[in-house]
Structure formats: structure tokens, C-alpha cells
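Colleague: The structure follows.
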């Protein structure tokens with residue numbers, strides 16, 4: 002079982018709603034990630050946090066807003082999403098942002114925008 | 003170039019057979035090459051990984067072969083089992099380690 006826990010597992014939201022995805026890890030990792038995965042496609046990196054500071058934003062639209070309240074938690078705030086944003090959102094963590102550090106993925110949150 | 007090219011897109015193997023998935027990359031800054039296994043409805047899970055300083059790494063039935071000069075690496079699954087049926091992603095990351103670039107994935111089906 003993965004040690005990266007994501008909630009909710011499924012979320013349906015309207016285009017005017019505001020919702021949040023949550024992620025928690027207790028492995029003491031200092032790097033946390035959000036990835037987006039469409040059906041039959043590889044995960045695409047969205048954001049990277051290192052030591053609770055945003056390190057990488059892969060030009061993600063502002064309707065996605067990440068937040069790292071502490072070293073164990075990572076949130077993704079969603080607002081005014083589009084139907085094409087429907088996807089599996091994966092949280093991940095690694096010891097540090099260093100090559101060779103295993104990136105552990107959660108089981109993901111399935112998001113449907115209607 | 004950050005691209006990692008993976009083939010085949012799909013693969014059907016009989017139980018007990020060998021499954022082979024290939025990947026190629028262009029960016030010589032890549033220095034870590036993991037393979038992830040993903041079952042339907044689950045997140046990707048690390049299967050096995052290799053660094054360019056070795057040409058082969060074996061863990062149980064899973065082997066990575068690495069050819070640095072050709073910039074290619076492959077996953078071999080020996081004695082394939084129906085439980086191995088999943089999508090497999092090769093990936094690569096540079097020295098900085100902050101960006102994991104995935105191949106397009108291979109959907110493996112192992113028939114009983």
C-alpha cells in the first residue's frame with residue numbers, strides 16, 4: 002500500500018465550484034509533487050515543492066493553486082475549472098529533489114468537471 | 003530535449019513468456035532511469051531503476067538493460083504472469099532530479 006494518501010478518491014465539480022484535493026505523507030520526505038494524468042497517458046508534472054516552498058510550476062493555469070501547509074501536507078485548490086481538466090490527479094513525494102530519489106505516488110484523485 | 007520514447011504501445015504475451023519494453027532518450031543530462039508499473043485505478047509504483055554506470059540490473063523476474071552509447075534502456079519481464087498485466091512507464095530524470103519525464107507507456111497483457 003502506498004504511503005502517500007490522497008483525498009478524496011473521486012470528485013465531481015461544476016465549472017463554478019471551488020474544491021480542494023488533499024495529500025498527506027508521513028515518510029519524512031521534503032519534496033512533494035502534483036501530477037496530472039489523462040486516460041492512457043503518462044503523468045504530467047504540474048508543481049514541485051521542496052522544503053515547503055514552491056520550486057517548480059510547469060506553467061499551470063491559475064485555476065489550479067497549490068499549497069503546502071507543512072512538510073507532510075500538500076493541497077491543490079481548484080476553481081473555475083474546465084471540462085478538459087477532468088483527469089486523475091496524482092500526489093507524490095520523495096526524500097529530496099535529487100536524482101535517484103524514489104518518487105512515491107499516491108493512488109490519485111479522480112476529478113470530473115461538469 | 004526532454005523526450006523519452008517508449009515502445010511498443012501495447013504488448014500481449016503468453017503466461018511464462020518474456021515481455022520486453024524498450025525506451026530511448028536524447029537528453030544526455032538524464033542520469034536516473036526508473037520503471038513504473040501502474041494498475042487500473044492506482045497510482046504508478048516504482049518497479050526497478052538503474053543509473054548509467056551499470057549496464058544491467060536485475061530484481062527477481064525484472065531486469066533493466068542499459069546501453070549508454072545508444073541512449074536506450076529496456077525492461078525484461080521473465081516468466082510473465084497474468085498478475086503482471088498493467089501499464090508500464092519508463093522514465094528519466096536529470097541530475098537535478100526535479101523533473102521525471104515519462105515515456106508514453108506500454109499496456110501489457112499476459113494471457114493465462
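Protein chains in written order, with our numbering: chain V, 2 to 115; chain Z, 3 to 114. For each residue, glycine too, the CB sits at the ideal point set by N, CA and C.
1. Can you list, in chain order, the residues of its chain whose CB lies under 8 Å from that of residue 105 of chain Z, leaving out five sequence neighbours each side?
2. Name the two residues that bound the continuous beta strand (DSSP E) containing residue 70 of chain V.
3. Taking the beta strand (DSSP E) that residue 91 of chain V belongs to, which residues open and close that run?
4. Can you name the start and end residues of the beta strand (DSSP E) that residue 21 of chain V belongs to?
5. Starting from residue 43 of chain V, find everything on chain Z with Cβ-Cβ shorter than 7 Å and list it in chain order.
6. Which of the three DSSP states is assigned to residue 62 of chain V in this structure?
7. In the structure shown, what three-state DSSP assignment does residue 33 of chain Z receive?
8. Thinking just about the alpha-carbon of each residue, which of V/48, V/67, V/65 is nearest to the one in residue 59 of chain V?
9. Closest by CA to residue 30 of chain V, which one among V/53, V/14, V/20?
10. Under three-state DSSP, which class holds residue 61 of chain Z?
11. So residue 108 of chain V contacts chain Z; which residues on that side make the cut at Cβ distance below 7 Å?
Modeller: For this structure:
1. 6, 7, 8, 25, 91, 92, 93
2. 65 to 71
3. 88 to 95
4. 19 to 26
5. 91, 104, 105, 106, 107
6. coil
7. strand
8. V/48
9. V/53
10. strand
11. 44, 45
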